[in-house]
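Each remark here refers to the structure printed beneath this line.
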Amino acid sequence: MKKSDRAHQNGGDGVKLTPKQQVLMLLDQCLATGVRGRVQAVIKQAIAEIQGQGTASGYQHAESDINEPDYPGLIFKVGRHKRRWIYRYTPKGAKSTRQLTLGYFPQMDREAAIAAWNEQRLTQQGQAVTDQGTPLHLGVERFADWARSRRPRWRAELRQLESLFQGGLASRTGESLTLEEVTALVAPEKPGAKHRLSLLRLFFRVARGLESAEGWMSPGSACPCEGFSLARTTTLSHRIGWRELGRYHRAVLALEDAEALKPLLLMQLSNLVGFKSLCQLSWSQLDLDRGFARLQIDGKTRFLMLSPDTLAWLKRRHRDAAVGPWVFRCPTDASKPLPESYPVKLMSQLKGQCGLDRRFTTASIRELASLWLEEQGRAVPKRPWPLLEERPTEGQIGELFELSKMWVKRLHIQKSVS
């Protein structure tokens, strides 16, 4: 190095600069060249880091994303309206990279972001995390990441969750909520209580990893909403319990396989529709590829999403070359559909064997199913569900099929424990 260059580097006046001062001077000279964009942001961030101001000014004025080289996967994301910390990682065995929001700036500073990054890194590595749990305000952000591609009204749900978990609750963990606090959040005496409870149940299902593999609460932890129910404030036109349903389901399953009406009674349970519609079902009304039926009810066209077990049985039955135009044929005249009186009579006999009264009907089963699905955080369409007034779209088919799968699974669990 020439003496003139060394003198210039040392300030030009013979005063020796420290290495730190020399680097700062060089960075200032770089800025003086008029660089813009990402290069300018990186230089400003470097200056802020050297001066010990990286937690504030460097991130506050960043014009582009900042990668933290000492913390792989930790990125300060600069958006048009918000600045946030994200963790980008590739799960074990996965081929694609995933992204998780850790928190928003300035509410989360660099030190807090590093701590959150370390927690997630340990979680991905399968190591124990020793902190006290994820605060609810961060849980809401993670719920938003999950819901963004899955829930059509995720923005409204995000706003409502932010409103519910404001103030002192924001820094609390889901595990610490008491039943009294959940009751205060739901506010049963105010309009919209049913929706608030449904949203909270969904939030904690996601948090416990029951909807995806990216939960932040232990799957074994109890849902804070457990034990809370709006049933006492809800007027049900038909009252039946899970035990009654389990007894009846077992009685239907106990029928001989040769009993022609056995599949029909099982369809009533899994599809939640009356015998009249099922008895009059013809093969021309079925779309077995997409999994729904087109029904004529009181002169109106309605669509029914078929349950997985019903669809499987219909496909097997349809391969039989001997089938006629009707799914269920009249025993005395194959050209006619099965009269509704046949399954009604058999159901009445089974109800008598199980000690069930006249309150046990298709409507009461449907009402029990609807209430249970809503308690699981599922948005159940209003009546005449499960019948639809219009042909289901591809998106609706997926959602309705998922509801049906959940209900059938619940049915099989209940007949085993009752």
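For reference, each letter of the sequence shown is one residue, going 130 to 547 in this note's numbering.
Even for Gly, the Cβ is constructed at its ideal location relative to N, Cα and C.
Subject >> Span separating the alpha-carbon of residue 269 from that of residue 480 >> reply: 46 Å
Original post:
When you compare each of 402, 272 and 520 to residue 90 by their alpha carbons, which one comes out closest?
Top reply: Residue 90 is absent from the structure shown; the chain starts at 130 and stops at 547.
Original post:
Closest by CA to residue 308, which one among 355, 318 and 263?
Top reply: 355
Original post:
What are the boundary residues of the beta strand (DSSP E) that includes residue 465?
Top reply: 462 to 466
**OP:** Look up residue 455 in the DSSP assignment and give the residues it is bridged to.
**Re:** 411
Original post:
residue 316 by DSSP, collapsed to three states: which one?
Top reply: coil
Subject >> Cβ-based burial, residue 542 [other Cβ within 10 Å; buried from 16] >> reply: exposed
Original post:
Taking C-beta to C-beta, are residue 454 and residue 390 nearer than 7 Å?
Top reply: The Cβ atoms of residue 454 and residue 390 do not sit closer than 7 Å to each other.
**OP:** Give the range of the beta strand (DSSP E) segment to which residue 295 is assigned.
**Re:** From DSSP, residue 295 is part of no beta strand (DSSP E); its letter is neither H nor E.
Subject >> Three-state class that DSSP yields for residue 274 in the structure shown >> reply: Correct three-state label for residue 274: helix.
Subject >> residue 533 versus residue 331: straight-line alpha-carbon distance, rounded >> reply: 17 Å
Original post:
Would you report the Cα separation of residue 336 and residue 278, rounded to the nearest angstrom?
Top reply: 17 Å
Subject >> Those residues which DSSP pairs with residue 434 across a bridge >> reply: 421
**OP:** Return the bridge partner residues of residue 205 from the DSSP annotation.
**Re:** 195 and 214
**OP:** With DSSP as the reference, label residue 397 as helix, strand or coil.
**Re:** helix
Original post:
Considering only the beta carbon of each residue, do residue 432 and residue 521 sit closer than 7 Å?
Top reply: yes
Subject >> residue 369, DSSP secondary structure in three states >> reply: Three-state result, residue 369: coil.
Original post:
For the alpha helix (DSSP H) that residue 471 lies in, which residues bound it at each end?
Top reply: 470 to 483
**OP:** Report yes if the CB atom of residue 506 is closer than 7 Å to the CB atom of residue 334, and no otherwise.
**Re:** yes
Subject >> Neighbourhood of residue 291 by C-beta distance below 7 Å, restricted to the same chain and skipping five residues each side >> reply: Excluding positions up to five away in sequence, the list reads 269.
Original post:
What is the residue span of the alpha helix (DSSP H) that residue 160 lies within?
Top reply: Residue 160 -> alpha helix (DSSP H) spans 148 to 161.
Original post:
Do you know how far the Cα of residue 226 is from the Cα of residue 483?
Top reply: 54 Å
Subject >> Through-space distance from residue 157 to residue 149, alpha-carbon basis >> reply: One C-alpha to the other measures close to 12 Å.
Original post:
Name the DSSP beta bridge partners of residue 524, please?
Top reply: Note: residue 524 sits in no beta bridge, so no partner.
**OP:** Use the C-beta contact count for residue 211: other C-beta atoms within 10 angstroms, 16 or more gives buried, fewer gives exposed.
**Re:** exposed
**OP:** Please say whether residue 209 and residue 230 have beta carbons closer to each other than 7 Å?
**Re:** no
Original post:
Terminal residues of the continuous alpha helix (DSSP H) containing residue 491?
Top reply: 491 to 504
**OP:** Starting from the C-beta of residue 176, find all residues in its chain whose C-beta is less than 6 Å away, skip the five residues before and the five after it, and write them out in chain order.
**Re:** 156
Subject >> Nonlocal neighbours in the same chain, by C-beta distance under 7 Å from residue 419, ignoring five residues either side >> reply: 526
Original post:
When the Cα atoms are used, what is the spatial distance from residue 476 to residue 386?
Top reply: 16 Å
**OP:** Determine the contact status of residue 502 and residue 509, defining contact as a CB-CB distance below 7 Å.
**Re:** yes
Original post:
What are the boundary residues of the alpha helix (DSSP H) that residue 325 is part of?
Top reply: Bounds of the alpha helix (DSSP H) holding residue 325 are 322 to 336.
**OP:** Would you identify the three-state DSSP class for residue 236, choosing helix, strand or coil?
**Re:** Under the three-state reduction of DSSP output, residue 236 falls in the coil class, being neither helix nor strand.
**OP:** Look at residue 443 and residue 373 and say whether their C-beta atoms are less than 7 Å apart.
**Re:** no
Subject >> Backbone CA spacing between residue 380 and residue 399 [nearest angstrom] >> reply: 15 Å
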